[in-house]
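Chains as they are written, first to last, in the numbering used here: chain L, 1 to 324; chain D, 1 to 599.
Since the structure comes first, as structure tokens, the remarks are kept for the end.
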Amino acid sequence: MAAVTYLEAIRQGLWEEMERDPSVFCIGEDIGIYGGAFKVTEGLIDRFGPERVVDTPIAETAIVNAAFGAGLTGLRPVAEFQFIDFISCAFNQITNLLAKAHYRWNAPAPIVLRGPCGGGVHGGPFHSQNPEMYFVHTPGLKVVCPATAYDAKGLIKSAIRDNNPVCFFEHKFLYRRIKEELPSEDYVVPIGKARVAREGRDLTIVTYAAMLYVALDAADALAREGLEAEVIDLRTLLPLDRETVAESVKKTNRVLILHEDTRTGGIAGEIAACINEDCFDFLDAPIARVTSQDTPVPFSPPLEAAFLPNAEAVAREARRLRGW
Amino acid sequence: MPVSLDPGTDALNYAVLRKEKMPTDVIMPQMGESIFEGTITKWLKQPGDKVTRDEPLFEISTDKVDAEIPAPASGVLKEVRVQPGATVQVNTVVGVIDEAGAATATAPAPSAPAPQVGSPTPNPAAAGGDTGGQPTTAAPAAPATAPPATGPATDVIMPQMGESIFEGTITKWLKQPGEKVTRDEPLFEISTDKVDAEIPAPASGVLREIKVQAGNTVQVNTVVATIGGDGAGAPTAPVAAPAAPPAPVAVAPSAPAPATAATSSVADEAERVRSSPLVRKIAADHSVDLRQVLGTGNGGRVTKEDIMAFIERAKSGVPQPAPKPVAPQAAPVAQPAPIAPVQPSSAAASVAPVAATPANKFAGVPGTIEPMSVMRKKISEHMTMSKRTSAHVHGVFEVDMTRIVKLREKMKNRFQESTGLKLTFTPFFARAVAHALRQWPIINSSVEGESIHYKRDINIGIAVALDWGLIVPVIKHADELSFVGLQRAVTDLGERARAKKLKPEDVQGGTFTITNPGIFGAKFGMPIISQPQVAIMGVGAITKKPWVVTDKDGNDLIAIRSMMHLSIGYDHRIIDGAVADQFMSVVKQYLENWPEPVL
């Protein structure tokens with residue numbers, strides 16, 4: 001199969017699941033006739049019809065409510081947020097209805113909430129956020145953040161097949177910038193399992209989504225200085241794969257957590273606490289984190305560049321840990 | 001037996017009558033007239049330890065001196081109430097000593113004498129029979145947090161009405177002493193710069209005492225009144241608020257303690273060796289004492305590589321490299337500085353013993369944040385204030401010290417034998433300065449508003465570098481001391497400064513300061529004047545130099561001379577360049593033509 005982009009991989013995943021299971025349908029703004037603001041759902045309406053590719057008003061609250069209702073009646077909706085920043089409009093529906101439906105009423109909520117997150121595209125404060133932690137903090141949900149085209153397709157399938165509400169947060173920066181050859185046969189990527197993207201022995205870098213590529217760039221630069229970094233792509237944030245992280249820390253004794261999300265309340269703090277609990281005795285240096293600044297995402301390109309982490313910042317932190 | 005009017009005080013009286021063994025309060029002492037608070041830096045004893053009267057019990061830092069405070073009584077330290085790092089007002093009870101063998105439990109909260117007011121003297125107005133001879137000035141009130149309702153009295157405090165509101169004015173008392181109050185009933189009215197408000201009573205009971213009258217402004221959290229537990233209290237005369245500035249509150253900040261109060265156990269020693277969880281685990285697995293391991297990491301940290309190498313060498317019997325000495329917490333040991341000043345005649349260069357590279361634990365580790373010590377804060381404030389106050393100008397002079405260097409070389413052994421003191425350069429400078437100050441009294445003055453105060457005494461401050469900062473003890477009446485007396489004073493002040501044994505009067509009253517930038521090799525310095533003085537002299541390093549000298553026939557030759565720079569920092573508000581330069585000429589002449597014997 002020819003190499004496909006990250007975006008195309010998601011589209012293929014949606015298409016294949018809709019083929020496989022007639023209860024799967026898509027709902028969101030401009031996803032039908034228009035094919036989606038980013039064209040993730042292009043062509044679906046021609047194949048599956050308007051009843052399975054539902055265009056909605058600009059009303060995320062209603063989208064999720066409707067999806068919840070559909071889920072209660074046995075359907076498996078995939079709800080799209082045109083920019084994930086707007087998911088906050090449906091915060092109540094997601095955290096109080098979807099997340100608690102099974103616990104409270106033994107009611108099904110097999111819903112996927114997907115949309116493009118992340119910055120680096122000069123989108124400004126309302127089109128560049130990484131809201132994963134609001135949902136990582138909510139028991140009853142799952143949260144996945146694929147970084148590769150392979151994982152994007154495999155995880156959207158797993159998310160659709162999962163009976164729990166799953167936040168599937170795509171990274172818009174990766175949509176057309178990465179391409180991979182994908183297997184032609186059906187495959188899934190399990191939710192809740194991290195992947196070692198690069199092996200190393202001197203330092204562990206834990207990351208996810210677009211920052212995977214920043215980590216790999218930094219690792220290359222550090223390798224030229226004799227520091228071999230192991231890079232872990234979390235892929236799923238909730239439930240967190242603590243074991244893979246701990247195994248790596250036990251091997252390298254130094255760890256740096258990298259995420260594009262802002263610093264305070266970002267998952268680096270949670271992971272640091274887990275490392276503290278799981279493998280404190282194996283640390284030969286403090287746990288470091290490289291994150292975005294605690295501000296809204298700037299629009300101005302130089303400000304945004306200063307706001308986001310980059311490979312040089314990661315390398316600098318890594319050297320500091322090595323010299324501890 | 002007296003009828004109980006005030007359970008707290010009368011329990012004390014009653015116990016005294018029955019000769020019960022009562023616990024002794026340990027209080028924050030007042031180190032000087034103008035010192036109102038102190039910070040506990042270290043407890044030298046822990047609860048449960050025996051203490052002997054006058055034995056050093058805890059260390060404090062005030063804005064004038066650091067000091068060791070002796071125990072006021074013998075017994076067993078029962079309780080430490082104020083932790084290191086906390087700053088409390090003078091007379092606050094910081095600990096309690098039980099007389100040895102005293103009953104431990106029993107005594108309910110009130111039996112610690114007058115806990116609420118924080119002063120060890122019983123409340124004169126409340127106790128029925130006592131004469132009200134106690135002045136109610138001095139020690140401001142106790143910590144703001146009122147004790148729970150089980151105690152006999154509740155503090156009523158000036159509340160903080162908003163984030164940026166720091167004081168309030170009492171406009172009206174709605175109850176008078178002796179009246180019953182119900183919790184939440186309006187008790188007094190205040191006015192702040194944001195709001196006026198009625199403040200409810202924090203507890204039910206009887207209003208015992210109004211400490212701050214209407215019309216007075218006090219800081220937030222000041223105790224303005226007390227409410228007694230039951231309704232039987234005799235009405236107390238309202239106490240006039242002191243006209244003095246509002247009483248700040250002794251709230252213990254939660255700043256981390258700069259020095260731990262740990263006893264020196266082996267575990268603590270190992271703790272002090274910087275390592276990491278991994279290294280400690282490896283050390284434990286291999287039974288390695290981390291103090292034996294050389295640390296090559298940041299700040300001397302023992303890294304994983306270090307301990308693995310240590311274990312390897314131990315296995316193969318290779319000798320281990322010596323570990324770095326663990327930083328002592330007490331007064332620094334004078335060790336040769338690892339980077340010696342690059343001056344040929346470094347033997348003659350030092351006025352004071354060369355201090356070691358900072359031997360304290362907090363040697364500024366990159367990537368860490370360290371709160372300022374009390375001394376550092378004070379230095380920081382004084383330096384910036386001095387720069388804002390004086391019009392600083394500096395002049396530099398070069399002085400031929402050959403005569404003095406030779407004299408010192410010749411006399412130092414005899415001087416030591418005769419006086420027991422090491423002969424340093426400092427008394428030479430102090431002598432020359434005292435001589436010059438007599439001729440130029442304006443250098444020995446201070447500025448107050450638009451007046452110049454010419455000081456009668458010549459009190460020369462000698463700056464002493466400490467491992468944790470700097471301090472300037474003062475030689476009082478330096479002009480009246482003999483040369484030996486000057487050396488004795490210099491030596492004594494230096495030793496006591498480094499041992500934290502200076503008294504407040506040792507650092508007050510200076511009229512001129514000598515500092516020594518040359519000790520680490522600086523050619524000269526541009527020091528900041530110590531307010532409220534108007535000048536400061538810096539002594540540079542003494543180095544041998546080729547110099548042009550003229551012989552008695554008028555021929556110019558090059559000779560090797562021991563040369564030194566002196567710098568004068570002076571306040572151009574009242575000292576002009578010509579004056580400063582002439583003053584320094586006198587100093588220079590005196591040093592270059594040193595006229596007197598040292599013994």
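Don't be surprised by glycine CBs; every beta carbon is placed ideally from N, CA and C.
Run the CB neighbour count on residue i, radius 10 Å, all protein chains shown included, and call it buried at 16 or more, exposed below.
i	result
T182 (chain D)	exposed
L303 (chain L)	exposed
P110 (chain D)	Only weak support exists for where P110 (chain D) lies, its pLDDT of 41 falling under 50; the coordinates are left without a value.
M18 (chain L)	buried
H286 (chain D)	exposed
T145 (chain D)	Residue placement at T145 (chain D) is flagged as unreliable, the pLDDT there being 40, under the threshold of 50; the coordinate-derived value follows with that caveat. Exposed, because fewer than 16 other Cβ atoms sit within 10 Å of the Cβ of T145 (chain D).
L599 (chain D)	exposed
K157 (chain L)	buried
V318 (chain D)	exposed
D183 (chain L)	Correcting the residue identity first, residue 183 (chain L) is Pro in this sequence and not Asp. Looking at its Cβ environment, which holds fewer than 16 other Cβ atoms inside 10 Å, P183 (chain L) is exposed.
D162 (chain L)	buried
V121 (chain L)	exposed
N130 (chain L)	buried
R76 (chain L)	buried
R561 (chain D)	buried
S585 (chain D)	exposed
E417 (chain D)	exposed
E132 (chain L)	buried
S275 (chain D)	buried
Going by C-alpha distance, which of the options is nearest residue i?
i	options	result
R81 (chain D)	D:M28, D:D63 and D:I199	D:M28
L207 (chain D)	D:V220, D:L566 and D:F188	D:F188
Y6 (chain L)	L:A101, L:G28, L:K153 and L:M133	L:K153
T87 (chain D)	D:M537, D:K378 and D:T39	D:T39
D25 (chain D)	D:V76, D:E59 and D:F524	D:V76
W676 (chain D)	D:D556, D:M537 and D:V539	Shown here, chain D extends from 1 to 599; a query on residue 676 (chain D) therefore has no answer.
A541 (chain D)	D:E398, D:V447 and D:F58	D:E398
M564 (chain D)	D:R301, D:I519, D:E33 and D:L407	D:I519
S61 (chain D)	D:P517, D:L481, D:V374 and D:N593	D:V374
T389 (chain D)	D:S530, D:T303 and D:Q30	D:S530
F307 (chain L)	L:R316, L:G323 and L:R263	L:R263
P139 (chain L)	L:A272, L:A197, L:E243 and L:I94	L:I94
Give a yes or no on whether the minimum CB-CB distance between residue i and chain D is below 9 angstroms.
i	result
R242 (chain L)	no
N253 (chain L)	yes
R316 (chain L)	no
G323 (chain L)	yes
D294 (chain L)	no
D281 (chain L)	yes
R320 (chain L)	yes
With 9 angstroms set as the bound, which would you pick, yes or no: does the beta-carbon of residue i sit closer than that to a beta-carbon of chain L?
i	result
V293 (chain D)	no
N516 (chain D)	no
S276 (chain D)	yes
V586 (chain D)	no
V279 (chain D)	yes
T303 (chain D)	yes
N221 (chain D)	no
P256 (chain D)	For P256 (chain D), the pLDDT reaches just 36, beneath the cut-off of 50, and the residue's location in the model is therefore unreliable, although a value from the coordinates is still provided. Judged by the 9 angstroms Cβ criterion, P256 (chain D) is not in contact with chain L.
N298 (chain D)	yes
G367 (chain D)	yes
Going along chain A in order, which residues have a C-beta closer than 7 angstroms to the C-beta of residue i?
i	result
A285 (chain L)	The structure shown contains no chain A; the protein chains it does contain are L and D.
Per the contact definition of three or more C-beta pairs closer than 8 angstroms, is the segment 34-47 of chain L in contact with the segment 60-69 of chain L? no
Count Cβ pairs between the segment 460-479 of chain D and the segment 415-434 of chain D that sit closer than 8 angstroms; are there 3 or more? yes
Could you check whether the segment 503-515 of chain D touches the segment 549-560 of chain D, counting it as contact only if at least three pairs of C-beta atoms, one from each stretch, sit closer than 8 angstroms? no
Would you call the segment 481-501 of chain D and the segment 512-528 of chain D in contact, with 3 or more CB pairs under 8 angstroms? no
Using 8 angstroms as the threshold, is the segment 433-443 of chain D in touch with the segment 560-576 of chain D, meaning 3 or more CB pairs across them? yes
For the 8 angstroms Cβ check, are there 3 or more pairs between the segment 201-219 of chain L and the segment 244-263 of chain L? yes
contact_flag[the segment 162-182 of chain L, the segment 142-150 of chain L] where n(CB pairs < 8 angstroms) is 3 or more: yes
Taking three-plus beta-carbon pairs below 8 angstroms as touching, is the segment 281-294 of chain L in contact with the segment 100-113 of chain L? no
Segment contact, 8 angstroms Cβ cut-off, at least three pairs: the segment 98-106 of chain L with the segment 191-202 of chain L: no
Beta strand (DSSP E) runs contained entirely in the segment 24-70 of chain D, provided each spans 3 or more residues: 24-27, 37-43, 56-61 and 66-70
Which runs of the alpha helix (DSSP H) at least 4 residues long sit entirely within the segment 47-87 of chain L? Give them in chain order. 60-72
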